[in-house]
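Trainee: Quick one: structure below, then a few questions.
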Amino acid sequence: ALDVTVQAQILDLIRDLQKEFGSAVIIITHDLGVVAELSDDILVMYGGRCVERGPVDEVFYAPRHPYTWGLLGSMPRIDREE
11 ALDVTVQAQI LDLIRDLQKE FGSAVIIITH DLGVVAELSD DILVMYGGRC
61 VERGPVDEVF YAPRHPYTWG LLGSMPRIDR EE
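Encoded structure:
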């Protein structure tokens, strides 16, 4: 795991390199905040298989698979009391 400052610097570097070279980037992470910030499309895996994929907004706001619901439900949210 990276501290917040180093993580932000690395994500900025990835964005800069992506723009400079016009390339796609594959990020493998359990950090859904990074996914939401950096990705256009996401693929959710469970048990080594793809269970859901699509644009970030579609998957985050209208998940179809129960595993995706669970992942999103585990994220801390400011609008929800714990």
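Convert by adding 10 to the 1-based position in the sequence shown; the result is the number in my numbering. Where a beta carbon is used, it is the ideal one built from N, C-alpha and C, also for glycine. Quick caveat: nothing in here was measured; it's all calculated off a predicted structure.
Give a yes or no on whether the C-beta atoms belonging to VAL69 and THR78 are separated by under 8 Å.
Mentor: Here the question's residue 69 lines up with position 59 in the sequence shown. Here the question's residue 78 lines up with position 68 in the sequence shown. In this structure, THR78 lies closer than 8 Å to VAL69 by Cβ.
Trainee: The beta strand (DSSP E) with ARG63 in it runs from where to where?
Mentor: One-based indexing of the sequence shown puts residue 63 at position 53. Element bounds for ARG63: 59-65.
Trainee: Would you mind reading off the limits of the beta strand (DSSP E) that contains VAL45?
Mentor: Within the sequence shown, the letter at position 35 stands for residue 45. Segment 42-48 is the alpha helix (DSSP H) holding VAL45; no beta strand (DSSP E) there.
Trainee: For the beta strand (DSSP E) that contains VAL54, what are its first and last residues?
Mentor: As a first step, residue 54 must be located in the sequence shown, where it is residue number 44. 51-56 is the extent of the beta strand (DSSP E) around VAL54.
Trainee: Please check the pair VAL35 and ILE24, which I expect to be a contact at CB under 8 Å, by giving their CB distance rounded to whole angstroms.
Mentor: Along the sequence shown, one-based indexing puts residue 35 at 25. Along the sequence shown, one-based indexing puts residue 24 at 14. So it is a contact: roughly 6 Å between Cβ atoms.
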